[in-house]
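**Q**
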Amino acid sequence: MLRHLLPVLALLGVAAPALAADGDAACLECHGDPAMTADLPGGGSVPLFVDGKQFQASVHAQQGMSCTDCHAGMTPEHATGELSVPTRHALSKKSSEVCASCHDQVAETFAKSVHGRAPENPDLPVCSECHDVHRTVDTAAARLALQTPLLCGNCHTDEGRMKKYGISTNVVDTYLADSHGMVTTFQRDGAPDQRARLGATCTDCHGVHDIRKTDDPGSRVIAANLLQTCQRCHEGAPPMFPQAWLSHWEPSPNRAPAVWAVLQFYRVMIPFMMGGLLLQIGLHVWRSARKKKP
Ligand code: HEC
Ligand code: HEC
Ligand code: HEC
Ligand code: HEC
Ligand code: HEC
Ligand code: HEC
Ligand code: HEC
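Per this note's numbering, the very first residue in the sequence shown carries number 1166; after that it's consecutive.
Listed below in structure tokens is the structure:
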């Protein structure tokens, strides 16, 4: 669909690569300055730097798009010294509205998700919060998915933001302690460009643009759908499979008491053993030191 759209845009003279590059250069004359920022009316500031080299390598520039394909109607004369938007979120939201004109399916799905229902709510992500638009890379590579513990964690470990919605902030820590999280961290640090993923990331269980509340009947992680979600990778997993897993829960006397008891046992046992070992070595040293005396 999209691939057919660009030749049309090109015909209209909107996205002809040669023209695009010239137009981009005019924008980058100001925005290519790494130190460029603008003050927000409500306090604070936003960086206005766009790295031309990274932009050229981005998926959109590779498709022949230029700055004004997204920032429509923007001419260099906009530099009045005052931002047209009051907050960072408003800037992101305004600029992300254009995404729907090409990625209509994604935008439609997203609008129905738990994140997309209220785009004016600054607690919720818009497209550019997850996609670094000026250097969007190929999402089919594992790289973006591998970043999700950090990306989602930006908000989901933020106590102030999550409290309002009654959502737990230990979802990232519990994920990282799980074998899926460990393997993902390992791959992110070791082989980020490998296309196949070695473990499950946040979006493998929750979805990407279609994330629902966990008690929504359409959620991929609600009890009725959970086994199917696991079976995408754990082929032939039996019905009890999800129950044998801790999910985002930490072991406690109420949740997984056996796991909790074993953990407590080790917590006492390991210091006891190590202490005993050190004491024994110490006594041996002491004894042999005393023996040597005539
Ligand atoms: C003469 C320097 C200059 C040039 C050239 C320039 N800009 Fe800007 N731009 C600014 C300044 C300064 C701001 C901060 C807000 C303001 O002063 O209006 C800004 C703000 C922006 C913003 C964010 C805020 C908003 O109001 O939406 C976008 C997006 C933007 N410019 C895109 C572009 C594009 C695209 C081009 C090329 C067509 C371009 N700029 C060319 C100086 C420039
Ligand atoms: C694929 C669409 C797209 C293209 C192409 C694009 N931008 Fe943007 N731009 C956005 C979005 C979305 C934002 C909001 C980013 C955010 O939330 O931080 C943005 C934000 C900005 C800002 C505000 C500072 C910031 O990074 O948030 C400036 C300045 C800007 N763009 C300039 C440019 C220039 C110059 C080019 C061409 C070299 C360009 N843009 C190409 C979509 C695009
Ligand atoms: C003028 C049309 C157009 C606009 C506007 C646009 N895109 Fe794209 N986008 C494309 C095309 C064409 C591709 C490459 C298509 C492909 O490979 O499937 C693409 C690719 C992408 C990809 C990578 C897809 C992949 O398969 O790896 C992401 C992510 C993306 N766009 C996000 C955005 C976001 C976020 C915005 C809004 C800031 C946006 N796009 C605005 C046309 C557009
Ligand atoms: C909460 C984070 C998040 C938000 C918000 C988000 N995306 Fe994505 N998006 C992702 C991730 C992660 C992937 C990679 C999926 C994968 O693992 O293959 C992706 C993939 C994509 C792709 C390529 C694959 C596909 O599904 O076609 C496009 C295009 C895209 N996003 C566009 C958008 C647009 C447009 C918006 C706003 C309406 C948006 N995204 C909002 C996280 C997000
Ligand atoms: C292997 C599957 C799986 C992975 C991976 C996973 N989750 Fe979950 N997640 C679940 C399940 C199942 C639930 C429902 C837990 C319950 O209610 O018992 C859940 C619940 C949640 C909730 C709701 C918590 C609440 O308080 O209501 C959030 C938010 C969440 N996950 C975010 C994340 C994030 C962020 C990541 C990545 C860091 C992630 N999840 C990784 C399966 C997963
Ligand atoms: C910009 C902040 C932000 C980002 C980034 C973000 N979320 Fe959220 N998320 C929220 C907020 C706020 C809610 C609560 C929305 C509501 O209940 O109306 C939410 C809700 C959820 C829920 C539903 C929890 C419930 O109530 O059952 C899940 C699951 C979830 N997010 C997973 C993710 C995953 C996975 C990612 C990364 C791909 C992610 N989120 C990225 C802010 C964010
Ligand atoms: C995207 C694929 C994917 C999904 C979806 C997925 N897993 Fe996994 N899981 C893996 C891979 C790969 C491993 C082995 C490597 C590792 O430990 O991460 C694994 C390992 C495990 C392990 C550790 C024991 C073992 O066999 O090594 C458990 C337990 C587990 N998964 C439970 C689940 C449950 C429960 C679900 C559904 C809620 C689920 N997984 C969903 C890919 C996935």
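Even for Gly, the Cβ is constructed at its ideal location relative to N, Cα and C.
Alpha carbon to alpha carbon, how far is E1294 from L1205? Give it in angstroms, no decimals.
**A** One C-alpha to the other measures close to 18 Å.
**Q** Pair every Cβ in the region 1367-1376 with every Cβ in the region 1268-1279, then say whether three or more of these pairs are closer than 8 Å.
**A** Touching, per the Cβ criterion.
**Q** How would you call F1220, buried or exposed, if buried means at least 16 neighbouring beta carbons within 10 angstroms?
**A** Looking at its Cβ environment, which holds 16 or more other Cβ atoms inside 10 Å, F1220 is buried.
**Q** Is T1240 helix, strand or coil by DSSP?
**A** If DSSP states are grouped into helix, strand and coil, T1240 belongs with coil.
**Q** Quick check on S1249: does DSSP put it in helix, strand or coil?
**A** Coil, per DSSP.
**Q** With DSSP collapsed to three states, give me the class of Q1445.
**A** Three-state result, Q1445: helix.
**Q** What's the gap between the Cα of D1303 and the Cα of T1368?
**A** Rounded to whole angstroms, D1303 to T1368 spans 16 Å at the Cα level.
**Q** With distance defined between alpha-carbon atoms, name the residue in S1333, Q1312, G1246 nearest to L1358.
**A** Per the sequence shown, the amino acid found at residue 1358 is Asp instead of Leu. Residue Q1312 is the option with its Cα nearest to D1358.
**Q** So S1344 packs on G1364, CB below 8 Å; how close in whole Å?
**A** The Cβ separation is near 7 Å, so the contact holds.
**Q** Taking 7 Å as the cut-off, is the CB of D1303 close to at least one heavy atom of ligand 3?
**A** Under cutoff, so the answer is yes.
**Q** Check whether the Cβ atoms of V1215 and A1203 lie closer than 8 Å to each other.
**A** Result no, Cβ atoms of V1215 and A1203 do not sit closer than 8 Å.
**Q** So for V1263, helix, strand or coil by DSSP?
**A** Here V1263 sits in coil by DSSP.
**Q** For D1297, collect the residues of the same chain with a Cβ closer than 8 Å to its Cβ; drop the 5 residues on either side in sequence, then sort them by chain order.
**A** Here the set comprises nothing.
**Q** When every heavy atom of ligand 2 is checked, does at least one fall within less than 7 Å of the C-beta of P1199?
**A** Incorrect: P1199 has no Cβ contact closer than 7 Å to ligand 2.
**Q** Which one or two residues does DSSP pair with V1211 in a beta bridge?
**A** Answer by DSSP bridge pairing, in chain order: A1203.
**Q** Nearest to H1236 by CA position, among V1224, G1246, L1256, is which residue?
**A** Ranking the options by Cα distance to H1236, first place goes to L1256.
**Q** Could you tell me if the beta carbon of H1280 falls within a distance shorter than 7 Å of some heavy atom in ligand 2?
**A** H1280 Cβ: outside cutoff for every heavy atom of ligand 2.
**Q** Taking the alpha helix (DSSP H) that F1275 falls in, what are its first and last residues?
**A** Start and end: 1269-1276.
**Q** Note down, in chain order, each residue of its chain lying with its Cβ closer than 8 Å to the Cβ of H1321, except the 5 sequence neighbours on either side.
**A** Excluding positions up to five away in sequence, the list reads M1327, I1332, T1334, V1336, V1337.
**Q** Classify H1280 as helix, strand or coil using the three-state DSSP reduction.
**A** DSSP places H1280 in coil when its eight states are reduced to three.
**Q** Ligand 3 and H1299: does the residue's C-beta get closer than 7 Å to at least one heavy atom of that ligand?
**A** No.
**Q** Among the residues of its own chain, which have a CB less than 8 Å from the CB of A1402, if the five just before and after it don't count?
**A** L1392, C1395, Q1396.
**Q** What's the C-alpha gap between F1487 and F1430?
**A** With the chain running from 1166 to 1459 in the structure shown, residue 1487 is simply not present.
**Q** Determine the direct distance from the alpha carbon of K1218 to that of P1287, and round the result to whole angstroms.
**A** Taking the straight line joining both Cα atoms gives about 30 Å.
**Q** What do you reckon, are the CB atoms on T1252 and G1325 nearer than 8 Å?
**A** No, they are not a contact pair.
**Q** Is any non-hydrogen atom of ligand 7 found closer than 7 Å to the C-beta of H1345, if you look at the structure I gave you?
**A** For ligand 7, at least one heavy atom lies less than 7 Å from the Cβ of H1345.
**Q** Who are the Cβ neighbours of L1193 in its own chain at under 6 Å, not counting the five residues just before and after it?
**A** Once the five neighbours on either side are set aside, the close Cβ partners of L1193 are G1217.
**Q** Only counting the same chain, and skipping five residues up and downstream in sequence, which positions put a Cβ closer than 6 Å to that of V1179?
**A** Any reading at V1179 must be qualified, since the residue scores a pLDDT of 43, below 50, and its modelled position is unreliable; no value is offered.
**Q** Relative to the C-alpha of S1417, which residue among D1323, L1315, V1427 is closest?
**A** For S1417, the nearest C-alpha among the options comes from V1427.
**Q** Would you tell me roughly how many angstroms separate the C-alpha atoms of R1452 and I1446, rounded to the nearest one?
**A** In a straight line, the C-alpha of R1452 is about 10 Å away from that of I1446.
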